[in-house]
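Peer 1:
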Amino acid sequence: MCRSIKTLRPPVIPEEATEEEMRAAALQYVRKVSGFRAPAAHNQEVFDRAVDEIAEATRRLLDGLEVRGAARVREGTG
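Per my numbering, the very first residue in the sequence shown carries number 2; after that it's consecutive.
1. Does the Cβ of V31 have 16 or more other Cβ atoms within 10 Å, making it buried, or fewer, making it exposed?
2. Compute the Euclidean distance between the alpha carbons of P12 and E54, then round it to the nearest angstrom.
3. Could you pull out every residue in the same chain whose Cβ sits closer than 7 Å to the Cβ of A27, ignoring the five residues on either side in sequence?
4. Measuring CB to CB, does L63 end up less than 8 Å from R24?
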């Protein structure tokens with residue numbers, strides 16, 4: 002596990018994770034898995050695409066989680 006990636010779900014954090022937080026976690030994951038802090042120019046596109054895809058998967062995961070005992074506050078439903 003990447004030590005720089007923090008838990009992004011309530012109640013660990015007081016509010017829903019921001020897009021910036023999800024993207025930062027995705028970037029750390031891709032860096033760890035690829036072994037590159039910054040990819041070479043010829044790998045930049047695939048590196049960036051992986052970060053985008055993982056950030057999106059993270060958003061879907063967090064949106065779908067049901068945390069028992071923690072009230073979820075969503076825009077328009079609370």
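Quick reminder that beta carbons are idealized off the backbone N, C-alpha and C, glycines included. If you're wondering where the values come from, they're calculated on a predicted model, not measured in any experiment.
Peer 2: So, from the listed chains and residues:
1. buried
2. Their Cα atoms are separated by approximately 25 Å.
3. Excluding residues within five positions, the ones whose Cβ falls inside 7 Å are V52, I55, A56, T59.
4. no
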